Amino acid sequence: MQTLAYAAFDANSPLKEHTIERRELGVKDIQLEIMYSGVCHSDIHQVKNEWGATTYPIVPGHEIVGKVVAIGSEVTNYKLGDIAGVGCFVDSCRHCNPCKEGEENFCEGAVTWTYNSIPAGASMPTYGGYSKSMVVDELYALHIDPKMDLSRVAPLLCAGITTYSPLRHWNVGKGTKLAVLGLGGLGHMAVKFGVSFGADVTVLSSSENKRADAMALGAHHFVNYKNEAEANACINSFDLILDTVSAEHDLNFFMNMLKRDSKMVLVGLPSVPTEFSHRSVIGRRRSLSGSSIGGTKETQEMLDYCAEHQIYSDVEMITLPEINTAYERMLNNDVKYRFVIDLMK
Ligand code: NAP
Ligand code: ZN
Ligand code: ZN
């Protein structure tokens, strides 16, 4: 089956219209007419081959919401007309312990990513959500309450779960002094979850113009860390910092803001290695950790939590041809706070 998509053909040229082939519907597959696709900074890293593993042409997009328009003969979890989501992966080994526990994101075999991944035995790479239609195994799709505001749901499939998961893992809640480093797509979701879980939330940002937004998102404090006095006032004050920054930055500077026995949790994935001083953990018995998206089980839990608590991403809607401008704006730190492509336009 052929479908319209937007693809990058090399690391430096703009994305352009392209026709891609989707696999035929298997017995366990559902076909989605894609309605919305969020734009994650990971899309940009991979389009520009900043992680060094890109196969061209690449069709990004792993924050996908669509309507089920066809189902395979053995599908049991979806019916025609349902709303389903697809996040960052579409298959995994299915046998290892993480897979059995619903943490396929940590699969010890092979994860098939939603795009830029070549499944075992296949000749074509996977293609993501910057397209009109896709086919996915029902086990790797997520149920979405049709009453939700669907365009604002799409970013939950990556930005949402990537921040929800570590905050849950580390029991962030009442009494936690949480700092969210970087107020972008991931960061603004981390603020919303942190506030919803009852934490005292500080936004650590390099952008003075986000101060009012941070407070409107529910944060209790905003720190422009470029301002020396404001940054110094944070030394030794947080229980957990969730680092969502997409570009090179001085980790040790922020480690110093952590209390004794506290944690730095990395989710941002800059393309360059970070310099790290052992002193920044030894002195106050701090820990350095990281987290990668979330599995199907927790992603469904997060979507249900968002439906119950009416938690959505703040989005700016675009059409497919506007994707290159959206990338430029993201690289200039000019998005509030997630671009979402409307694929019905
Ligand atoms: P984004 O919307 O572009 O936000 C990134 C934020 O980082 C910006 O809003 C900005 O916050 C800060 N920032 C950007 N450039 C900076 C610079 N040069 N110096 C200091 N701060 C800078 O990106 P995103 O979609 O949230 O993604 C963030 C990162 O997470 C990316 O690296 C992405 O690949 C990664 N990611 C990881 C996972 C995972 O599973 N671990 C999942 C999804 C994404 P301020 O203006 O507030 O300073
Ligand atoms: Zn992502
Ligand atoms: Zn596995």
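For what it's worth, my numbering labels the leading residue of the sequence shown as 76, then goes sequentially.
Ideal Cβ positions, reconstructed from N, Cα and C, are used throughout, including at glycine.
The structure presented is a predicted model; accordingly, all values stated were derived computationally and were not measured.
* Taking all protein chains shown into account, decide if residue 135 is buried (16 or more other Cβ within 10 angstroms of its Cβ) or exposed. => Taking the sequence shown and counting its residues from 1, one reaches residue 135 at position 60. Classification of residue 135: buried, given that the 10 Å Cβ count is 16 or more.
* To do: May I ask whether a heavy atom of ligand 3 can be found less than 8 Å away from the beta carbon of residue 162?
  => To locate residue 162, count along the sequence shown from 1; it is residue 87. No, the Cβ of residue 162 stays beyond 8 Å of every heavy atom of ligand 3.
* Asked: So what does residue 365 bridge to, in DSSP terms?
  -> For the purposes of this step, residue 365 is taken as the residue at position 290 of the sequence shown. Bridge partners of residue 365: 341.
* For residue 356, the three-state DSSP class (helix, strand or coil) -> Translated into the one-based positions of the sequence shown, residue 356 becomes position 281. The answer is helix: DSSP assigns residue 356 an H, G or I state.
* Verify the contact flag: residue 115, CB atom, against every heavy atom of ligand 1, threshold strictly below 8 Å. => In the sequence shown, residue 115 corresponds to position 40, counting from 1. It does: the Cβ of residue 115 is within 8 Å (strictly closer) of some heavy atom of ligand 1.
* How about residue 137 and residue 204: do their beta carbons lie closer than 9 Å? -> Residue 137 sits at position 62 when you count from the first residue of the sequence shown. Residue 204 sits at position 129 when you count from the first residue of the sequence shown. Their beta carbons are under 9 Å apart, which means residue 137 touches residue 204 by this criterion.
* Asked: Where DSSP assigns a beta bridge to residue 433, which residues make up the other side?
  -> Residue 433 cannot be examined here, being either before or after the span of the chain that is shown, 76 to 420.
* Asked: When the distance is taken between beta carbons, is residue 262 closer than 9 Å to residue 240?
  -> Taking the sequence shown and counting its residues from 1, one reaches residue 240 at position 165. Taking the sequence shown and counting its residues from 1, one reaches residue 262 at position 187. Cβ distance not < 9 Å, so residue 240 and residue 262 don't count as in contact.
* Alpha carbon to alpha carbon, how far is residue 129 from residue 85? Give it in angstroms, no decimals. => Translated into positions along the sequence shown, residue 85 becomes position 10. Translated into positions along the sequence shown, residue 129 becomes position 54. Roughly 9 Å separates the two Cα atoms.
* **Element boundaries [beta strand (DSSP E), containing residue 317]** => Counting from one through the sequence shown, the residue named residue 317 turns up at place 242. Counting along the chain, the beta strand (DSSP E) containing residue 317 begins and ends at 313-318.
* Asked: Hey, is the region 367-375 in contact with the region 323-338, meaning 3+ C-beta pairs nearer than 8 Å?
  -> no
* To do: Taking residue 83 and residue 131 to be in contact with their CB atoms under 8 Å, please state how far apart those CB atoms are, rounded to whole angstroms.
  => Here residue 83 refers to the residue found at position 8 of the sequence shown. Here residue 131 refers to the residue found at position 56 of the sequence shown. Right, their Cβ atoms sit about 7 Å apart.
* Given that a residue counts as buried once 16 or more other Cβ atoms are within 10 Å of its Cβ, and exposed if not, what is residue 252? -> Numbered from 1 along the sequence shown, position 177 holds the residue referred to as residue 252. It is buried - the Cβ of residue 252 has at least 16 other Cβ atoms within 10 Å.
* CA-to-CA distance, residue 394 to residue 420, given in whole angstroms -> What you label residue 420 is simply residue 345 of the sequence shown in a count that begins at 1. What you label residue 394 is simply residue 319 of the sequence shown in a count that begins at 1. Rounded to whole angstroms, residue 420 to residue 394 spans 7 Å at the Cα level.
* Cβ-based neighbour list, residue 392, same chain, cut-off 7 Å, excluding 5 preceding and 5 following -> Looking up residue 392 in the sequence shown gives position 317. Result list for residue 392: 226, 415, 417, in chain order.
* Asked: Between the Cα of residue 237 and the Cα atoms of 341, 286, 89, which residue gives the shortest distance?
  -> Mapped onto the sequence shown, residue 237 falls at position 162. Looking at the Cα atoms, 341 is the closest of the given residues.
* Asked: Run through DSSP, which three-state label would residue 84 get?
  -> Position 9 of the sequence shown, counted from the first residue, corresponds to residue 84. In the structure shown, residue 84 sits in coil (DSSP, three-state: anything other than H, G, I, E or B).
* Asked: Short check: CB of residue 328 to CB of residue 318, under 9 Å?
  -> The residue labelled residue 328 in the question sits at position 253 within the sequence shown. The residue labelled residue 318 in the question sits at position 243 within the sequence shown. In this structure, residue 318 does not lie closer than 9 Å to residue 328 by Cβ.
* Chain-order list of residues whose beta-carbon lies under 8 Å from that of residue 356 (same chain, five-residue window excluded) -> As a first step, residue 356 must be located in the sequence shown, where it is residue number 281. Contacts found: 330, 362, 363.
* **Status (buried if at least 16 other CB within 10 Å, exposed otherwise) for residue 106** => Against the sequence shown, residue 106 aligns to sequence position 31. Residue 106 comes out buried.
* Have a look at residue 176 and residue 413 and give me their C-alpha separation to the nearest angstrom. => The residue given as residue 176 occupies position 101 in the sequence shown. The residue given as residue 413 occupies position 338 in the sequence shown. Rounded to the nearest angstrom, the two C-alpha atoms are 30 Å apart.
* Of the residues 268, 396, 184, which one's Cα is nearest the Cα of residue 244? -> As a position in the sequence shown, residue 244 is number 169, starting the count at 1. That would be 268, whose Cα lies nearest to the Cα of residue 244.
* Asked: Between residue 216 and residue 293, is the Cβ-Cβ spacing less than 9 Å?
  -> Walking along the sequence shown from the start, residue 216 turns up at place 141. Walking along the sequence shown from the start, residue 293 turns up at place 218. Their beta carbons are not under 9 Å apart, which means residue 216 does not touch residue 293 by this criterion.
* Asked: Taking 8 Å as the line, does the beta carbon of residue 234 fall inside it for any heavy atom of ligand 2?
  -> Against the sequence shown, residue 234 aligns to sequence position 159. Yes, since a heavy atom of ligand 2 falls inside the 8 Å radius drawn around the Cβ of residue 234.
* Residue interval of the alpha helix (DSSP H) (run including residue 294) -> For this step, residue 294 is matched to residue 219 along the sequence shown. Segment: none, residue 294 is in no alpha helix (DSSP H) and carries neither H nor E.
* **Cβ-Cβ distance between residue 277 and residue 233 below 9 Å** => Reading the sequence shown from its first residue, position 202 is the one you call residue 277. Reading the sequence shown from its first residue, position 158 is the one you call residue 233. No, Cβ-Cβ distance for residue 277 and residue 233 is not below 9 Å.
* Asked: I think residue 382 touches residue 199, with their Cβ atoms under 8 Å apart; what is that distance to the nearest whole Å?
  -> Taking the sequence shown and counting its residues from 1, the one referred to as residue 382 is at position 307. Taking the sequence shown and counting its residues from 1, the one referred to as residue 199 is at position 124. Their Cβ separation, rounded to whole angstroms, is 35 Å, which puts residue 382 and residue 199 out of contact at 8 Å.
* Asked: In the DSSP assignment, what residue or residues form a beta bridge with residue 136?
  -> Residue 136 sits at position 61 when you count from the first residue of the sequence shown. In DSSP, residue 136 forms no bridge with anything.
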